[in-house]
Amino acid sequence: MSRGPFENIAETVQEPVNLSRRGFMRASSGAAAGAFILGFGLPTRRARADDTKSPKFRGTQVPAFLEIRPDNTVLLQSPFIEGGQGTFTAMAQIVGEELDADPETFIVENAPAGDEYTVMDSGMRITGGSMSVRDGYAPMRRLGALARAMLLQAGAQQMGVSVTELTTQPGYVVHTGSGRTVRYGDLAHVAMDLPIPDPAIVTLKDPSQFRWIGQPVQRLDIYEKSTGKAEYTIDMRVEGMLHAAVQHAPRLGMTIASIRNEEQVLNMRGIHSVHHLPGAVAVVAERWWHAKQGAEALLVNWAEATLGTAETMRVMPSDFSSESYKTHLATASGKIDDAETKGDTEQALQKAHTVLEATYSSQYVNHAQLEPPSALARYNADGTLDIWLPNQAPDMFRADMAKRTGLDVEKITIHSPLLGGFFGRHFLYDQANPYPQAILLAKATGRPIKLIWSREEEFLRDALRPLAVVKFRGGLDTNGYPVALEAISATEGPTEGLGPKRGKDLDPSALEGLTGKAYDIPNRRISQRYIQSPTALGYWRSVGNSMNDFLYETFLDELADKGGKDPYELRRHLLRGNKRLTTLLQAVVDLSGGWKRGPFTAADGSRRARGIGMASPFGSEAAAIAEVSIEQGQVRVHEIWEALDPGSIVNPAIVEAQINGAVALGLSQVLLEEAVYENGMPRARNYDGYPILTLDHMPRVHVKIVESGEKMGGVGEPPLPAIPPAVANAVSTLVGRRIRSMPLSRHNFQS
Amino acid sequence: MDLTINGVPHQLEIEPETPLLWALRDDLAMTGTKYGCGLAQCGACTVLVNGQAVRSCVTPIERVAGASVLTIEAIEQDDLGKRVVSAWVKHQVPQCGYCQSGQVMAAVSLLKQVPHPTDDDINAAMLNLCRCGTYNAIRAAIHDLASSPENKGA
Ligand code: FES
Ligand code: FES
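Protein sequence lines, in the order shown, are assigned to chains G and V. With the first letter of the first sequence counted as 1, position 473 gets the number 472 in numbering that gives the first Met the number 0; the numbers rise by one all the way through. With the first letter of the second sequence counted as 1, position 55 gets the number 54 in numbering that gives the first Met the number 0; the numbers rise by one all the way through.
Printed below as a string of structure tokens:
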């Protein structure tokens, strides 16, 4: 049962003129868009584009990125993947602005792997770190401008006039003297064969002339996503495909000793085959439902990890529990590495009028994105491999596949459908991706394989946001102002947690949010006591900041209390002279109708309080205020006010949606979430044991976007980290005792 | 097994206990209905059976034989469904979109039964999970629909 884009891929492969990658891409996308594509874009064009490639400028190969179709629609290959954050729309706005084409006329898809799509300053291609718009902004503007220049050139040729007599209107080249116009779509076949102008001298618009950047342009993917037409990896299907499900070893590092009922499972209805994989057994069937039933029915004897396994991968001990691990982190001794120091913290603490010590902790959390991971792998007759999978970094994944399969990267075509949520889930995590299994199964069966991890398998293998136990010491002067702050975090960061061994340098993602705080505390020391976590670790929306700003900002409130200071006044004091953050703090306070800590009685008779949290994540600045009450011993968040300063923005509507989403995830973490491990296994294997925020607990969210004009920062992650501390600080005020850990559902606030 | 999906009769040679979700996705290639949990927890698989929201991941096809099943693929053939979709577009509800087929189906079911839902009605009916946190946009879209002139009510 084949349909849609995949039928056309097969046809394309047989059509010699379309053998270029661009031809391939066009066919695969064109069918989805239902458009008839004229065949322009011959392979020679890429070679020519290569000639003009300047190492100083990334992402200048216009024909690789853009196809302007006869119907004047624009197909853009985006270097960044869409997973809900609105990046496809933002890219259309940015390119469209300089190209002079309405973003509405864009069709955007994730570009294939390939150097030409690496536009980030880092020289990597990832969708993460809230980098897409800030790193994509300059190259995508340039790309649009280059394409426009080529269209003008083509227009000049076609009209037989000088290019200086021409200008553009959205979608058209216009001859200013005569008013004659030519559609971009009628010029593209000539334009895309022209040499690419020098990116160093191409003129960009003056921002005051922007038509779409800065506007709440409608998202391009909303209708498809409201009608079930949007397709994710899990929805992919190719001719001759089989379905697969797996049962993983209960703990990382274990291997199959034997299967007690393999024969019976093979005889179950619909089962095609059973496969022994590293750390998993797979069942292949004509239907996924049968495969899943088979995988669940397997009775596997798992063997403990052999000696030496820990050299190559993480090994989960059978007695591991997250609770005792927390105790271990709190009591561990051993080497401490300084990540950020200023002044002489030890001496300042000794001389301080008052010293406050407290231990704070975070929890492991799951990504819990709604789309369970899957991968579809197909070996083709010519030995090439096509693979569809959720991913935030196509080139990195392709390189890994090349290593695993022994195939040359050029023989692997990676397809990156829309992501059903990601939040950091779809990076290259050693044991947390289904594609290595799908590839093995496709090889073993000689048929294309779509492997879906059930929700239960996903919760078993997800890479977790790290857990940290932080020992704080704060010193106050005689006036109650902080003069010293020390934070020693016992933790392992997500980046150093990617491999089996720690790297040489400190992992900045372990401590960000403890480091990088803007408060003027003259003596400070932020350090890590590295302790390896046996769990797989990963990036989770706002990474280190997701927990560290909670830890820091709640301790800061505790310090304020100790010094007899109002937490808002104390922050103002510590930020004096910092115009950007003073403005931001004022903005959120104004948004909330003025600072009112409480406790106070609300109109409905409930006792409420408000708390503040601030964070400086991913190049942006955030400040939030939460208003809470206690209902039946549990926290109810009524209102969130958040001010975000990302420097400047592209689409205010998308920024507001992202703030809402980040608020929801921040609340979910602080109120409810915790991946609990017992006996080396996660206690929750589905949402029933791992509750996440639901609609009835979503507060009203009030947003203020502050455009300070500072260097552009991120948007997707930055609104999250200020939320947990704002809530916890409000709760502490309300209940009259400090809250030092998440989630709050673990605490009973029954009075 | 005879099923009527979106007004179209289908004959499927599969076990009667097969969950409707997988019959839709794997046998009928209707992938608009999503798998999220398989345990009636998330709502991504919501379809309408005789106008009522049902979790298709835990609904055996034998239970819907003879019933009228409406999936997201045909949602715009339903008058109310069409209006719900427009409201979703107007309020720019989806982010990743993965939960939204289910959200739209749940909203249609709610509005069919309660044309003017209060916040409490919405809280009680819209139990579908959304990891992207589109809840406020969902609530706004439903209120907007309830107050629109086309919404005659029951
Ligand atoms: S998949 Fe049916 S409720 Fe989650
Ligand atoms: S829009 Fe992504 S889960 Fe709801």
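The beta-carbon is built from N, C-alpha and C at its ideal position, and this holds for glycine as well. All values derive from a computational prediction rather than experimental measurement.
Cβ neighbours of residue 686 of chain G within its own chain (closer than 8 Å, five residues either side excluded): 367 and 454.
For the pair residue 181 of chain G and residue 171 of chain G, the CB atoms are nearer than the 9 Å cut-off. For residue 255 of chain G, no alpha helix (DSSP H) run applies; the uninterrupted beta strand (DSSP E) run containing it begins and ends at 254-258, by DSSP.
Spatial neighbours of residue 219 of chain G in its own chain (CB-CB distance under 8 Å, excluding positions within 5 residues in sequence) are listed in chain order as 87, 88, 91, 102, 103, 105, 106 and 107. By the neighbour-count criterion, in which 16 or more other beta carbons inside 10 Å mark a residue as buried, residue 522 of chain G falls on the buried side. Excluding sequence positions up to five before and after residue 517 of chain G, its CB lies within less than 7 Å of the CB of 574, 577, 580 and 615, all in the same chain and listed in chain order. Residue pairing from DSSP places residue 270 of chain G in a beta bridge opposite G/284. Chain G places no beta carbon closer than 9 Å to that of residue 64 of chain V, leaving this residue out of the contacts. Looking at the DSSP output, residue 627 of chain G bridges to G/608 and G/636. Contacts with chain V at 9 Å (Cβ-Cβ) do not include residue 326 of chain G.
Per DSSP, reduced to three states, the secondary structure at residue 613 of chain G is strand. Every residue whose beta carbon comes nearer than 6 Å to a heavy atom of ligand 2 appears here in chain order: G/83, G/369, G/420, V/93, V/94, V/95, V/96, V/97, V/98, V/99, V/129, V/130, V/131 and V/133. Using a cutoff of 8 Å, the CB of residue 40 of chain V counts as near ligand 1, since one of the ligand's heavy atoms is closer than that. Boundaries of the beta strand (DSSP E) around residue 246 of chain G: 241-247. Residues 79, 80 and 391 of the same chain have their beta carbon placed closer than 6 Å to that of residue 126 of chain G, with the five preceding and five following residues left out of the count.
If you draw a straight line from the Cα of residue 683 of chain G to the Cα of residue 46 of chain V, it comes to about 27 Å. The C-beta separation of residue 553 of chain G from residue 689 of chain G comes to about 23 Å, leaving the pair out of contact by the 8 Å criterion. Its chain contains 89, 92, 93, 132, 136, 212 and 213 as the residues whose beta carbon lies nearer than 8 Å to that of residue 649 of chain G, once the 5 sequence neighbours on both sides are disregarded; these appear in chain order. Its Cα nearest to that of residue 512 of chain G, the residue G/339 stands out among G/339, G/503 and G/529.
In this structure residue 36 of chain V is not in contact with residue 95 of chain V, their Cβ atoms being roughly 16 Å apart against a cut-off of 8 Å.
In this structure, G/498 is the residue among G/376, G/120, G/357 and G/498 with its C-alpha nearest to the C-alpha of residue 310 of chain G. Close partners of residue 697 of chain G in chain V (Cβ separation under 8 Å): 132, 134, 135 and 138.
Below 8 Å, too few C-beta pairs join the region 425-432 of chain G and the region 257-265 of chain G to call them touching: fewer than three.
Residues of the region 676-710 of chain G with a C-beta less than 8 Å from any C-beta of chain V: 685, 686, 687, 691, 692, 693, 694, 695, 697, 699 and 700, listed in chain order. Residue 560 of chain G has a beta carbon lying at 9 Å or more from every beta carbon in chain V. Closer than 9 Å at the C-beta level to chain G, one finds no residue of the region 45-56 of chain V. At least 9 Å separates the CB of residue 2 of chain V from every CB of chain G. Chain-ordered listing is empty here: chain V has no CB closer than 9 Å to the CB of residue 423 of chain G, the nearest sitting near 12 Å. Non-local beta-carbon contacts of residue 190 of chain G in its own chain, meaning distances under 6 Å to residues more than five positions away in sequence, involve 149, 150 and 153 in chain order.
Within the same chain, and ignoring the five residues on either side of residue 89 of chain V in sequence, the residues whose Cβ sits closer than 8 Å to its Cβ are 140 and 143. Distance from the CA of residue 74 of chain V to the CA of residue 67 of chain V, rounded to the nearest whole angstrom, comes to 13 Å. Secondary structure in the region 657-738 of chain G: the beta strand (DSSP E) runs of 3 residues or longer, each lying completely within the stretch, are 699-704 in chain order.
Its chain contains 150, 153, 154, 157 and 172 as the residues whose beta carbon lies nearer than 7 Å to that of residue 186 of chain G, once the 5 sequence neighbours on both sides are disregarded; these appear in chain order.
Pairing residue 664 of chain G with residue 362 of chain G, the inter-Cα distance amounts to about 14 Å. One alpha carbon belongs to residue 679 of chain G, the other to residue 564 of chain G, and they sit about 44 Å apart.
With 16 or more other Cβ atoms inside 10 Å of its own Cβ, residue 673 of chain G counts as buried.
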